[in-house]
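Colleague:
There are 2 protein chains.
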Amino acid sequence: MRTPPQRGRRQGRTTSRELILGSARKLFAEHGYAATSLREIARDAGVDPAMVHHWFGGKEELFNACVELPADPAQVLGHVGELPAELRGEALLRALLTLWDSPAQPALLALLRNVTGSKAQAALIRQVLFKRMLALAMAGLPGSAAELERRGVLVASQMIGLMVARYLLRAEPLASAGHDELAALIAPVLQHYLTGPLPGTGSAVPGTGHG
Amino acid sequence: MRTPPQRGRRQGRTTSRELILGSARKLFAEHGYAATSLREIARDAGVDPAMVHHWFGGKEELFNACVELPADPAQVLGHVGELPAELRGEALLRALLTLWDSPAQPALLALLRNVTGSKAQAALIRQVLFKRMLALAMAGLPGSAAELERRGVLVASQMIGLMVARYLLRAEPLASAGHDELAALIAPVLQHYLTGPLPGTGSAVPGTGHG
DNA sequence: GCAGTAATTCACCATCTGATGAATTAAAGC
DNA sequence: GCTTTAATTCATCAGATGGTGAATTACTGC
Chain A
32 MRTPPQRGRR
42 QGRTTSRELI
52 LGSARKLFAE
62 HGYAATSLRE
72 IARDAGVDPA
82 MVHHWFGGKE
92 ELFNACVELP
102 ADPAQVLGHV
112 GELPAELRGE
122 ALLRALLTLW
132 DSPAQPALLA
142 LLRNVTGSKA
152 QAALIRQVLF
162 KRMLALAMAG
172 LPGSAAELER
182 RGVLVASQMI
192 GLMVARYLLR
202 AEPLASAGHD
212 ELAALIAPVL
222 QHYLTGPLPG
232 TGSAVPGTGH
242 G
Chain B
32 MRTPPQRGRR
42 QGRTTSRELI
52 LGSARKLFAE
62 HGYAATSLRE
72 IARDAGVDPA
82 MVHHWFGGKE
92 ELFNACVELP
102 ADPAQVLGHV
112 GELPAELRGE
122 ALLRALLTLW
132 DSPAQPALLA
142 LLRNVTGSKA
152 QAALIRQVLF
162 KRMLALAMAG
172 LPGSAAELER
182 RGVLVASQMI
192 GLMVARYLLR
202 AEPLASAGHD
212 ELAALIAPVL
222 QHYLTGPLPG
232 TGSAVPGTGH
242 G
């Protein structure tokens, strides 16, 4: 009845880092950053709390590692900016859905929960989201910078709303709808925001100038 | 150089309860529920932490008091359900904006931050939001229950996205746009979701039946 | 003006938090 | 096979957290 050796290195391949990352992504996404403790993460991962510090250095760094996207947004959205204007609404939506329904989802969820909560990072994330990702999607569209910014933020508002409703609130029937159905329902609105007529804008997709 | 008496009741009218509520709404809205401590709230209100317990009983109860809406949603949205279908998009949006740009804003902000974070309350809030408020706005519209639910959740997705972008992320130019401008930009989309043609639906606003 | 009650702060408590350093065990290098 | 290095747990820290009970002061009813 010897107590089995607990301290010290385990045999075989080491998995603690991945276990911690998995539990952390899950719990950060579920409860948010502040409401998730390192000890809770460690417990969920079946590991000593000190391991978190060993592998990541601290809570902040762990969170950063959690939201490190396994996919490059530029790669996911890159081709959208090369499509003809009238196809971008649907392409943008499908790119976003594909990204979300991929291994990146836990990271994105953790991110989304904490964009709307206000961590220090939030400002940076906003900037990346709005300036970089949207810039990619709207590259080459006609119109003044101000008009494109306005169109972009409208697109973003609908996409954020969809993500919140589908992945955070899990509101049916959005939560379990397939990509095709969502594309049919929402892509027309995105397309409208991208290239449709807007008040304060002379025409839809004007060829030259702004007035 | 006597230390002025600090303990005991203060002279004049008592304001602590309101001070605490104000600070709590502000801080809950700013940092979220979990990241806001009672002591921080008390410090901000210039009051002893024990006052929070005296007036509210605990953190949970304080939060509940914070999100107690100063306006009755039914009152704000009631008349929307009585308008002809083709006017409801704009009316709904304006009702929401009016509610937000009112003394209720801090409470709503605290609420929104913690709907997307996941407190225990969240499920209840979702239910109230989706089933009750949307039900009011969609009362009397034609179509099957399933279709109305789908239209409703689409409407909600756009409105949530707008609220998040405008009030949480403060993304320009949405954040500082006036009601008229927002109505012109977004009401058509809400109207489209409410009564426009949707895939899986025979026609727009069918008069009778569903197929 | 005296008694009761309400408002306020203080001094604590148990618990949890993120974090550190040492001890222990296994793997890797040679 | 011995040494070095990496992985793991333990014991522990200082500080913050939500919460409680008593002491102190002012207002209120009579």
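Listed in order, the protein sequences are those of chains A and B.
Position 167 of the first sequence, counting from 1, maps to 198 under our numbering, and the rest follow consecutively.
Position 84 of the second sequence, counting from 1, maps to 115 under our numbering, and the rest follow consecutively.
Built from N, CA and C at the ideal position, the CB exists for glycine as well.
#1: Just to make sure I have the definition right: I need the residues of chain B whose C-beta is within less than 9 Å of the C-beta of His223 of chain A. Which are they?
#2: Find the nearest neighbour of Gly231 of chain B within the set A:Thr226, A:Leu213, A:Leu221, judged by alpha-carbon distance.
#3: How should Gly209 of chain B be labelled, buried or exposed, when 16 other C-beta atoms within 10 angstroms of its C-beta is the threshold for buried?
#4: Measure the Cβ-Cβ separation of Leu221 of chain B and Leu128 of chain B and say whether it is below 8 Å.
#5: On the CB-based measure, 16 or more other CB atoms within 10 Å of its CB, does Thr226 of chain A come out buried or exposed?
#6: At which residues does the alpha helix (DSSP H) containing Phe59 of chain A begin and terminate?
#7: Am I right that Leu130 of chain B and Val107 of chain B are in contact with their C-beta atoms under 8 Å? What's the rounded C-beta distance?
#8: Using only the alpha-carbon positions, how far apart do Gly112 of chain B and Cys97 of chain B sit?
#9: So, is the C-beta of Leu205 of chain B closer than 8 Å to a C-beta in chain A?
#10: Kindly list, in the order they appear in chain B, the residues whose Cβ is closer than 8 Å to that of Leu185 of chain A.
#11: Mind checking Arg33 of chain A: buried by the 16 CB within 10 Å criterion, or exposed?
#12: According to the Cβ coordinates, are Gly120 of chain B and Ile191 of chain A closer than 8 Å?
#13: So Ala187 of chain A and Ala187 of chain B are in contact, right, with Cβ under 8 Å, and what is the actual spacing, rounded?
#14: For the candidate residues B:Arg40, B:Leu216, B:Gln189, whose alpha-carbon lies nearest to that of Glu178 of chain A?
#15: Using 8 Å as the limit for Cβ to Cβ distance, is Arg181 of chain A near chain B?
#16: Report the three-state DSSP secondary structure of Asp103 of chain B (helix, strand or coil).
#17: For Ile72 of chain A and chain B, any beta-carbon pair shorter than 8 Å?
#18: For a cutoff of 8 Å on Cβ pairs, would you count Val161 of chain A as touching chain B?
#19: Is it buried or exposed for Pro219 of chain B, if we count other Cβ within 10 angstroms and need 16 for buried?
#20: Where do the N-terminal and C-terminal ends of the alpha helix (DSSP H) with Leu114 of chain B fall, by residue?
Modeller: In brief:
#1: Pro219, Val220, His223
#2: A:Leu213
#3: exposed
#4: No, the pair does not count as a contact, with Cβ atoms beyond the cut-off.
#5: Answer is buried; the Cβ neighbour count reaches 16.
#6: 47-62
#7: 5 Å
#8: 28 Å
#9: yes
#10: Leu205, Leu216, Ile217
#11: In this prediction, Arg33 of chain A scores a pLDDT of 45, lower than 50, which makes its location untrustworthy; the coordinate-derived value is nonetheless stated afterwards. Arg33 of chain A should be labelled exposed.
#12: no
#13: With 8 Å as the limit, Ala187 of chain A and Ala187 of chain B do not qualify as a contact, their Cβ atoms being about 17 Å apart.
#14: B:Leu216
#15: At least one CB atom of chain B sits nearer than 8 Å to the CB of Arg181 of chain A.
#16: coil
#17: Interface with chain B (8 Å Cβ-Cβ cutoff): Ile72 of chain A is excluded.
#18: The sequence shown places Phe at residue 161 of chain A, not Val. It does; some Cβ of chain B falls within 8 Å.
#19: Buried, since its Cβ has 16 or more Cβ neighbours within 10 Å.
#20: Segment: none, Leu114 of chain B is in no alpha helix (DSSP H) and carries neither H nor E.
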